[in-house]
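Chemist: First the structure, which I've put down as structure tokens, then a few questions once you've had a look.
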Amino acid sequence: MKNIDLNRLEKAIRDVPDFPKPGIVFKDITPVLADAELFSMSIHAMASTAKNTKIDKVVGIDARGFIFGAAIAHLLNVGFVPVRKAGKLPWMTESESYSLEYGKSKVEIHKDAILAEEKVIIVDDLLATGGTAEATIKLVKSLGANVHSACFFIELGFLNGKGKLSHTEVESLLVY
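Heads up, the sequence shown is in my numbering, so the first residue is 1150 and it goes up one at a time.
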């Protein structure tokens, strides 16, 4: 595995105050994505969460989870499966609703994307309140697959999203 310099990764993340609304400090990861060395470092660190376990698929959560998930799947030489917001997938889907602070949302997966008993890693850029990740885990399990772990580039620990994922091993590269 490549050397992981978490300090360099953390310094590259840009804080954007009052985005998308007043009082929120947005963690902008685009400087990490734009730097080949930092992006590679991130992907290798996140892929290492497989811990020498044979993984069959990487499931990436819409939309930035696609960036990390596809690269991790390539590194692990396994398939990539997108979980999308409702209405974005063109084939037969399974869906799972979850609560947001201002209402409800829904994520979907193709019914044939994962086979029963396959072992998967769930990947996203950010773990905040945990609702989307929890819904994704339920979706994957509804297809009969096994969730090895959930891996996030950033976790906002003060929001306790990990609490919703208590039956899943959660790995986060950076925790704020």
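Note that beta-carbon positions come from the ideal geometry of N, C-alpha and C, so glycine has one too.
1) Going by DSSP in three states, L1264 sits in which element: helix, strand or coil?
2) For I1204, which option in A1212, G1214 and G1218 has the closest C-alpha, if you only look at C-alpha atoms?
3) At which residue ranges does the segment 1167 to 1251 contain complete alpha helix (DSSP H) runs of 4 or more residues, listed in the order of the chain?
4) For T1242, which residues of its own chain have a beta-carbon under 8 Å away from its beta-carbon, when the five flanking residues on both sides are left out?
5) Looking at the structure shown, is A1277 part of a helix, part of a strand, or coil, going by DSSP?
6) So, with DSSP's three-state summary, where would you put E1283?
7) Counting along the chain, where does the beta strand (DSSP E) carrying E1320 start and finish?
8) Once DSSP output is grouped into helix, strand and coil, what is the label at N1156?
9) Less than 8 Å between C-beta atoms, sequence neighbours within five positions excluded: which residues of the same chain meet that for I1162?
10) Say whether the segment 1200 to 1214 touches the segment 1275 to 1292, bearing in mind that this needs 3 or more beta-carbon pairs closer than 8 Å, one atom from each stretch.
Modeler: For this structure:
1) What you label residue 1264 is simply residue 115 of the sequence shown in a count that begins at 1. Residue state, collapsed to three classes: coil.
2) Residue numbering aside, residue 1204 sits at position 55 when the sequence shown is read from its first letter. Nearest option by C-alpha distance: G1218.
3) 1179 to 1183, 1185 to 1196 and 1213 to 1225
4) Start at 1 with the first residue of the sequence shown, and residue 1242 comes out as number 93. Once the five neighbours on either side are set aside, the close Cβ partners of T1242 are E1257, I1258, H1259 and K1260.
5) Numbered from its first residue, the sequence shown carries residue 1277 at position 128. It is coil, neither helix nor strand.
6) As a position in the sequence shown, residue 1283 is number 134, starting the count at 1. Helix.
7) What you label residue 1320 is simply residue 171 of the sequence shown in a count that begins at 1. Where E1320 is concerned, the enclosing beta strand (DSSP E) stretches over V1319 to V1324.
8) Counting from one through the sequence shown, the residue named residue 1156 turns up at place 7. The answer is helix: DSSP assigns N1156 an H, G or I state.
9) For this step, residue 1162 is matched to residue 13 along the sequence shown. Same-chain partners within the cutoff: K1176, D1177, I1178, P1180, V1181, I1303 and L1323.
10) yes
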